[in-house]
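Novice: Would you mind keeping the following structure in view while I ask a few things?
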Amino acid sequence: MSDAAIGAIAFVTLLTIMVGARGIRVARTPDDFMVAARQVPPALNAAAISGEYLSAASFLGIAGLVVSQGLGALWYSVGYTAGYLVLLLLVAAPLRRFGAYTIPDFAIGRLGSRGLRQTATALVLVIDWFYLLPQMKGAGITLQWVLGTPYWVGAATLGVVVSCNIAMGGMKGITFVQCFQYWLKLCAIGIPALVLLIAVRHSPTVNLTPEHAPVFTHATVVDLTQATGFTLPRPATATVTGVLDQRTFSDQGVSLCACRHVAGADTKIGFAAGAPVPVSLAMEPSSGGSWDSPFLTSGTNGAHPLAATYGVIIATFFGAIGLPHILVRFYTNPDGEAARKTTLIVVLLLSTFYLFPTVLAVLTRLHAPQLYLSSDSDSVVLALPSLLLPGLPGELLAALVAAGAFAAFLSTSSGLLVSVAGALSHDFMNRGVKAFRWCAISAGVVATCAALLIGRFSLALLVGWAFAIAASSFCPLMVLGIWWRRLTRIGATAGIVIGGGSCLAAIIATMLGVAESGWGAVLLGQPALWTVPLAFGVMIVVSLLTQRTVPANVSQVMLRMHLPEALSRQAHRTIN
Amino acid sequence: MCLTLALTVTASFPVIAAMVPAVARVTVAGVPLTLIVLGFAFYPVFLAVGWFYNRQARQLEARFTDLVDPASQRPDV
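As they're listed, the protein sequences go chains A and B. The numbering of the first sequence is the working numbering, which starts it at 1 and goes up by one. The numbering of the second sequence is the working numbering, which starts it at 1 and goes up by one.
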């Protein structure tokens, strides 16, 4: 790709390191490193949370999934936002008032069990890993697309930059970085979306209407870099250069039937305006449902779309509560009231951001349907600007998008590494700044290596699975821990292990391809559907059976979580 | 209450669309209803519910603080 894109990515990376380096002077004690000394105002904190949250899945994955699978994929963006509303309503203020660094800290503070603490730490690592891998994949495909480097170069670059940055600045640096990254990401997706919306001549919305198979709005040459199978919804003539259906052409007119075709690598097929858009066999929504269906088919091969949709709704709505790298940010609020304010601003910032992937996906559907034939739907957002706006403007927009995408991987994986390194150094090693630094670096190395194995899964799907695990393990722990006095440590441990464990098992089964169709595919591909109720159920039932082990200080802990600060300060003064 | 409201509003859309397939086929000025609802309409609802909840929570906590300790300082209310 262009030099502009290379320059933009280098600029973002350098800027990230520099803004992060500012934190070194501020960060002095382990406490500074871990939660930025709890002195971050709501607006800054909200931008930092959003910057950390908007990952590769949001920036590239959702638009790609909407293009390839249809409007139902928008449930991901709705769910990612709604997750914060649920978090606001159920945990934001009490969690801050409780005052602990991490979810394992919450577990030990609320229920006083070392065993539970270690289980929780192990699960933090599982969730963070699941979330970290798609970021590495995103970096891999972005650099692949921009520079033509092999997949591993992008993943390795990201790993090195992030590990060093965190080892140097800790979380204070990261708060500034994340805040800056949110605004960068918003610009990098918002400006191209708006410019393209204005620049592209408004053609009729013909490609959006339900009964209509998409057509090319102007004469288009589809450049297939690798062998691709596709079908045509109706017969058409095309100019072909290369191999099609095992015959070699050089710039010849061919009439194609409405049936399956196979094009060889490096084949160019020119379609006239009004010709039907070929549907890639790899990307055809396998449900047979149309593009505008409000249901979701990803990860389940199109079986039982309504159930799959609810699977994603449950996972994303309740998953945000259980994401360790997000929860750690709530301790940086000065008090419970500020935590609520922060969360509401986060909902606003996310809502604004998620308008734009939708716009880009719809523009792709309308004006660049040839991207349906590209091999990987996750690169749609990167490819769109230069397709719709030829010349320098398009190139600059493409550079901006690439920079924003890289910002997305940088910020999310920074947050995840802080969380992984925090959990490792806090719970498994002697605490302290030095241990934290070493954990950050080694965790980065391991993640980079693992990222090389997951190339074939879509970004949104991978991140959706991280949400599913969080929703079926930490979400019940947080919600019941905050609102239910009778929770016991045995109940909590059982719920986390059975809920999180069965969810993880289902995801691994899907990855190995155990069930390809029917209810099996839905229940394994969207496990949140049954593992979230299961986790809540187990936690409640086992707690009720072990009521003798309810912690003795439960009233005191509950009071600390739910008492407004004005009163707890008062109480504190009275006691002293 | 806020939670129930928000969840009902959001989670009912797939059920409605499944029971009345015509809903998913509605277009407004050429744009599918699904796109409008999923792409744009939910976000203002989330914001409104969140804002309302924050206001309620703040007022409730202020009233509670007054009730327990009328002399307490409440600089932020």
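The C-beta atom is built at its ideal place from N, Cα and C for all residues, glycine as well. From a predicted model like this one, the values you see are computed outputs, not experimental measurements.
What are the partner residues of Lys268 of chain A, as DSSP defines its beta bridges?
Specialist: DSSP, once it has assigned bridges, lists A:Asp223 and A:Thr241 as partnering Lys268 of chain A.
Novice: Which of the three DSSP states, helix, strand or coil, is assigned to Ser113 of chain A?
Specialist: Ser113 of chain A: coil per DSSP, three-state reduction.
Novice: With distances taken Cα to Cα, identify the nearest neighbour of Ile454 of chain A among A:Val243, A:Tyr151 and A:Arg486.
Specialist: It is A:Tyr151 whose Cα lies nearest to the Cα of Ile454 of chain A.
Novice: For a contact defined as C-beta to C-beta under 8 angstroms, what are the partners of Ser50 of chain A on chain B?
Specialist: Within chain B, no residue comes near Ser50 of chain A; the closest Cβ sits about 14 angstroms away, beyond 8 angstroms.
Novice: Compute the Euclidean distance between the alpha carbons of Pro210 of chain A and Asp335 of chain A, then round it to the nearest angstrom.
Specialist: Reliability fails at Pro210 of chain A, whose pLDDT of 45 lies under 50, so the model's placement of it is uncertain and the value that follows must be treated cautiously. For Pro210 of chain A and Asp335 of chain A, the distance between alpha carbons rounds to 50 angstroms.
Novice: Of all the alpha helix (DSSP H) runs that stay within the bounds of the stretch 56–125 of chain A, which reach a length of 4 or more residues?
Specialist: Fully enclosed alpha helix (DSSP H) runs of 4 or longer: 62–69, 74–90, 92–98 and 103–111.
Novice: Which residue comes first and which comes last in the alpha helix (DSSP H) that contains Thr248 of chain A?
Specialist: That residue, Thr248 of chain A, is in no alpha helix (DSSP H); its beta strand (DSSP E) goes Arg247 to Leu256.
Novice: Please list, in chain order, all residues of the same chain as Asp66 of chain B whose beta carbon is under 7 angstroms from its beta carbon, the five residues on each side excluded.
Specialist: Excluding sequence neighbours, Asp66 of chain B sits near nothing in its chain.
Novice: Rank A:Val418, A:Arg340 and A:Ser379 by C-alpha distance to the C-alpha of Ala93 of chain A and give the top, closest one.
Specialist: Selected option, being the one with the closest Cα: A:Arg340.
Novice: Residues in its own chain within less than 6 angstroms of Leu323 of chain A by CB, not counting five upstream and five downstream?
Specialist: Excluding residues within five positions, the ones whose Cβ falls inside 6 angstroms are Ala470.
Novice: Kindly list the residues whose CB is nearer than 7 angstroms to the CB of Trp75 of chain A, restricted to its own chain and excluding five residues on each side of it in sequence; keep chain order.
Specialist: Same-chain partners within the cutoff: Leu296, Thr309, Val312 and Ile313.
Novice: Which of the three DSSP states is assigned to Arg486 of chain A in this structure?
Specialist: Note: Arg486 of chain A maps to coil in three-state DSSP.
Novice: Measure from the alpha carbon of Ala509 of chain A to the alpha carbon of each residue in A:Trp465, A:Val418, A:Val66 and A:Leu349, then state which is nearest.
Specialist: Checked all of A:Trp465, A:Val418, A:Val66 and A:Leu349; the closest Cα to Ala509 of chain A is A:Trp465.
Novice: State the Cα-Cα distance for the pair Val550 of chain A and Arg55 of chain B, rounded to the nearest angstrom.
Specialist: C-alpha separation (whole angstroms): 34 angstroms.
Novice: Does the stretch 439–459 of chain A come close enough to the stretch 498–508 of chain A to have 3 or more Cβ pairs within less than 8 angstroms?
Specialist: No, because fewer than three Cβ pairs between the stretch 439–459 of chain A and the stretch 498–508 of chain A fall closer than 8 angstroms, the two stretches do not touch.
Novice: Ignore the nearest five residues each way along the sequence and tell me which others in Asn576 of chain A's own chain have a CB closer than 8 angstroms to its CB.
Specialist: Low per-residue confidence applies at Asn576 of chain A: pLDDT is 48, beneath 50, and the placement is therefore not dependable enough to give any value.
Novice: Taking 9 angstroms as the CB-CB cut-off, is Trp152 of chain A touching chain B?
Specialist: No, Trp152 of chain A lies away from the interface with chain B (no Cβ there is under 9 angstroms from its Cβ).
Novice: Three or more C-beta pairs closer than 8 angstroms, one from the stretch 176–189 of chain A and one from the stretch 405–414 of chain A: is that the case here?
Specialist: Cβ pair count under 8 angstroms is three or more, so yes.
Novice: Please tell me whether Leu133 of chain A and Ala494 of chain A are closer than 9 angstroms, where the distance is taken between their beta carbons.
Specialist: No, they are not a contact pair.
Novice: Pull up the CB-CB distance for Ser55 of chain A and Gln135 of chain A, whole angstroms please, since I reckon it's below 8 angstroms.
Specialist: Contact flag correct, Cβ pair sits at about 6 angstroms.
Novice: Quick one: give me the first and last residue of the beta strand (DSSP E) that Val262 of chain A is part of.
Specialist: Val262 of chain A -> beta strand (DSSP E) spans Arg260 to Ala263.
Novice: Between A:Met558, A:Thr358, A:Leu545 and A:Val514, which has its C-alpha nearest Val66 of chain A's C-alpha?
Specialist: Among A:Met558, A:Thr358, A:Leu545 and A:Val514, the Cα nearest to that of Val66 of chain A belongs to A:Thr358.
Novice: Closest by CA to Phe176 of chain A, which one among A:Pro276, A:Thr121, A:Cys439 and A:Leu15?
Specialist: Among A:Pro276, A:Thr121, A:Cys439 and A:Leu15, the Cα nearest to that of Phe176 of chain A belongs to A:Leu15.
Novice: Entirely within the stretch 306–378 of chain A and at least 3 residues each: give me those beta strand (DSSP E) ranges in chain order.
Specialist: Segments of the beta strand (DSSP E) lying fully in the stretch 306–378 of chain A: there are none.
Novice: Using a cut-off of 8 angstroms between C-beta atoms, extract the partners of Trp483 of chain A located in chain B.
Specialist: What Trp483 of chain A touches in chain B: nothing, since even the nearest Cβ is about 11 angstroms away.
Novice: Please tell me whether, using a cut-off of 8 angstroms, the distance from the CB of Ala447 of chain A to the nearest non-hydrogen atom of the ligand HEM is below it.
Specialist: As far as ligands go, the structure on display features none, and thus does not contain the ligand HEM.
Novice: Whose Cβ in chain B lies nearer than 8 angstroms to the Cβ of Lys341 of chain A?
Specialist: Asn54, listed in chain order.
Novice: So for Ala236 of chain A, helix, strand or coil by DSSP?
Specialist: In the structure shown, Ala236 of chain A sits in a strand (DSSP, three-state: E or B).
Novice: If you draw a straight line from the alpha carbon of Ile108 of chain A to that of Ser555 of chain A, how long is it in whole angstroms?
Specialist: If I take the Cα positions, the gap works out to 15 angstroms.
Novice: Using beta carbons (cut-off 9 angstroms, strictly below), is Val26 of chain A in contact with chain B?
Specialist: With a pLDDT of 49 at Val26 of chain A, under the threshold of 50, the modelled position of this residue cannot be trusted, and the question is left open.
Novice: Taking only runs of the alpha helix (DSSP H) that begin and end inside the stretch 480–563 of chain A, which ones reach a length of at least 4 residues, in chain order?
Specialist: List check, alpha helix (DSSP H) in window: 489–512, 518–525, 528–545 and 554–562.
Novice: Can you tell me where the alpha helix (DSSP H) with Ala466 of chain A in it begins and where it stops?
Specialist: Ala466 of chain A -> alpha helix (DSSP H) spans Leu459 to Ala471.
Novice: Taking the alpha-carbon positions, what's the Leu389 of chain A to Ile198 of chain A distance?
Specialist: If I take the Cα positions, the gap works out to 11 angstroms.
Novice: Taking 9 angstroms as the threshold (beta carbon to beta carbon), is Phe436 of chain A in contact with chain B?
Specialist: False, the Cβ-Cβ gap to chain B never drops below 9 angstroms.
Novice: Run the CB neighbour count on Trp145 of chain A, radius 10 Å, all protein chains shown included, and call it buried at 16 or more, exposed below.
Specialist: The residue in question, Trp145 of chain A, is buried, as its Cβ has 16 or more Cβ neighbours within 10 Å.
Novice: Report yes or no: do three or more beta-carbon pairs, one from the stretch 480–491 of chain A and one from the stretch 257–277 of chain A, lie closer than 8 angstroms?
Specialist: Output reads no: the stretch 257–277 of chain A does not touch the stretch 480–491 of chain A.
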